[in-house]
Amino acid sequence: MELGDFNRATNPQRAALVWQRGTFLADRVSGGCTLCLYHMGPFFAEIWYRVVDNEIQGVRGFKSVTCLEPYWNLVDISDIT
2 MELGDFNRAT NPQRAALVWQ RGTFLADRVS GGCTLCLYHM GPFFAEIWYR
52 VVDNEIQGVR GFKSVTCLEP YWNLVDISDI T
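Heads up: the sequence shown runs through residues 2 to 82, numbered per the numbering used here.
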(Lines of atoms letter the chains of each structure in order from A; the text may use other names.)
(Lines give C-alpha, C1' and ligand atoms only; values in the text may rest on other atoms or scores of the structure.)
Protein backbone atom coordinates (compact mmCIF):
# COMPACT_ATOMS: atom_id res chain seq x y z
CA MET A 2 0.00 0.00 0.00
CA GLU A 3 1.23 3.47 -0.87
CA LEU A 4 0.97 6.49 1.42
CA GLY A 5 -1.36 8.37 -0.96
CA ASP A 6 -3.84 5.49 -1.04
CA PHE A 7 -3.72 5.23 2.74
CA ASN A 8 -4.33 8.94 3.26
CA ARG A 9 -7.29 8.96 0.85
CA ALA A 10 -9.13 6.38 2.99
CA THR A 11 -11.48 7.40 5.81
CA ASN A 12 -10.27 7.41 9.42
CA PRO A 13 -12.05 4.10 10.21
CA GLN A 14 -10.58 2.51 7.06
CA ARG A 15 -7.10 3.77 7.93
CA ALA A 16 -7.40 2.45 11.49
CA ALA A 17 -8.43 -0.97 10.17
CA LEU A 18 -5.48 -0.99 7.77
CA VAL A 19 -3.07 -0.11 10.57
CA TRP A 20 -4.38 -2.92 12.79
CA GLN A 21 -4.25 -5.42 9.91
CA ARG A 22 -0.89 -4.51 8.40
CA GLY A 23 0.97 -2.29 10.85
CA THR A 24 3.72 -3.13 13.30
CA PHE A 25 3.37 -1.29 16.59
CA LEU A 26 6.49 0.70 17.51
CA ALA A 27 5.69 3.06 20.37
CA ASP A 28 3.12 5.25 22.05
CA ARG A 29 3.15 8.63 23.74
CA VAL A 30 0.68 11.03 25.32
CA SER A 31 -0.06 14.47 23.88
CA GLY A 32 -2.97 16.86 24.37
CA GLY A 33 -5.23 14.37 26.11
CA CYS A 34 -4.65 11.69 23.47
CA THR A 35 -2.52 8.59 23.34
CA LEU A 36 -0.65 8.55 20.03
CA CYS A 37 0.40 5.13 18.76
CA LEU A 38 3.09 4.82 16.10
CA TYR A 39 3.06 1.96 13.59
CA HIS A 40 5.38 0.93 10.79
CA MET A 41 3.44 0.30 7.57
CA GLY A 42 6.29 -0.73 5.28
CA PRO A 43 6.94 2.27 3.01
CA PHE A 44 5.55 4.76 5.56
CA PHE A 45 4.54 5.22 9.19
CA ALA A 46 1.08 5.68 10.66
CA GLU A 47 -0.05 7.36 13.83
CA ILE A 48 -3.36 6.71 15.56
CA TRP A 49 -4.66 9.42 17.89
CA TYR A 50 -6.79 7.79 20.58
CA ARG A 51 -8.69 9.79 23.19
CA VAL A 52 -9.01 7.56 26.26
CA VAL A 53 -11.61 9.76 27.99
CA ASP A 54 -14.03 9.36 25.07
CA ASN A 55 -12.82 5.86 24.09
CA GLU A 56 -12.58 7.12 20.50
CA ILE A 57 -10.06 7.37 17.74
CA GLN A 58 -9.62 11.06 17.00
CA GLY A 59 -7.54 10.63 13.87
CA VAL A 60 -5.23 8.45 11.84
CA ARG A 61 -2.47 9.81 9.66
CA GLY A 62 0.23 8.36 7.50
CA PHE A 63 3.58 10.02 6.86
CA LYS A 64 7.13 9.53 5.64
CA SER A 65 8.65 12.62 7.21
CA VAL A 66 11.50 12.03 9.63
CA THR A 67 10.41 15.22 11.40
CA CYS A 68 7.13 13.53 12.36
CA LEU A 69 9.16 10.76 14.03
CA GLU A 70 11.06 13.16 16.30
CA PRO A 71 8.67 12.83 19.29
CA TYR A 72 9.34 9.07 19.26
CA TRP A 73 13.14 9.14 18.97
CA ASN A 74 13.71 8.51 22.67
CA LEU A 75 11.01 5.80 22.79
CA VAL A 76 12.01 3.35 20.06
CA ASP A 77 14.95 2.29 17.90
CA ILE A 78 13.75 2.41 14.29
CA SER A 79 17.18 2.14 12.70
CA ASP A 80 16.35 -1.29 11.23
CA ILE A 81 13.26 -0.05 9.36
CA THR A 82 14.06 3.45 8.10
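Quick reminder that beta carbons are idealized off the backbone N, C-alpha and C, glycines included.
Nearest Cα to Glu3 within the set Glu56, Arg29, Gly62 and Leu75: Gly62. If you look at Trp20, you'll find it in the alpha helix (DSSP H) that goes Asn12 to Arg22. DSSP places Leu75 outside both helix and strand once states are collapsed to three, so it counts as coil. Residue pairing of Thr35 in beta bridges, as defined by DSSP: Val30 and Tyr50.
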